[in-house]
Amino acid sequence: MAMLWLHIIQYSGFSLAQLTNALLIYLILTRSGKLFGSYRYVMIVFAVCSMIYSIVEVFTEVVIHIKGPVFIVFMDNAWLTRTGWGNEVTTLYCASFALVISLLAVQFFYRYVVTCKEELKVHYNVDSRNLAFIAPMYWSSGKNGEKKWNILDCIGSLDVQL
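Residue 1 is where the sequence shown starts when you use full-length UniProt numbering, and the numbers rise one by one after that.
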């Protein structure tokens, strides 16, 4: 009985996601004009990727179990299990989830840059539209002016540089 409710919720969420994202795209294309500027494209990409994610999610029939610090992602689609495509489609689900979350972060960063671009120009003489950066903090200054190294940021920067 619980799996029946899970499927009802998944299919309802899929239908609602397709409808609302299609409506959002329609409104962006027909009503926003130049009001949103280039943010329109960020919103359209997010809506399209959300629609793709919901298709993958309902096709996979994913079930996520969380227990303490561990979570398990598995699928409840018997046809995909029998055909041998289960691992690939579950991996596609995880990748599409990561893409949607990443695009959500891009939206917030875009809005931050747009709202703070004058402040960046005034304080740093930098045009934020031409700026892309990752800023790890390798060390901080202690009370007496000594350097306190942030080892995790140093190790993480090695991964970025490789």
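C-beta atoms are modelled at their ideal positions from N, C-alpha and C, and glycine is treated no differently. Just so it is clear, the structure is predicted and the values come from calculations on it, not from any experiment.
Query                                                                                                                             : Result
Pairwise C-alpha distance: A95 and V56                                                                                            : 10 Å
Proximity below 7 Å, CB of C49 to CB of L99                                                                                       : yes
Cα-Cα separation between N87 and T115, rounded to whole angstroms                                                                 : 42 Å
Per-residue DSSP class, three states only, for residue 163                                                                        : Residue 163 is absent from the structure shown; the chain starts at 1 and stops at 162.
Chain-order list of residues whose beta-carbon lies under 6 Å from that of H7 (same chain, five-residue window excluded)          : none
Residue(s) in a DSSP beta bridge with M75                                                                                         : V62
W5 in three-state terms, based on DSSP                                                                                            : helix
Delimiting residues of the beta strand (DSSP E) encompassing S141                                                                 : 139-141
Under 7 Å between C-beta atoms of V62 and M43                                                                                     : no
Chain-order list of residues whose beta-carbon lies under 8 Å from that of residue 229 (same chain, five-residue window excluded) : Here the chain covers residues 1 to 162 and nothing more, so residue 229 does not appear.
Close-in-space but distant-in-sequence residues of the same chain around M51 (CB under 8 Å, 5 per side omitted)                   : A17, Q18, N21, A22
Alpha carbon of V160 to alpha carbon of L152, nearest angstrom                                                                    : Note that V160 has pLDDT 46, beneath the 50 cutoff, so the model's placement of it is unreliable and no number is given.
Residues near W85 by beta carbon distance below 8 Å, same chain, minus five either side                                           : none
Rounded straight-line distance, which links the Cα of T91 to that of N77                                                          : 14 Å
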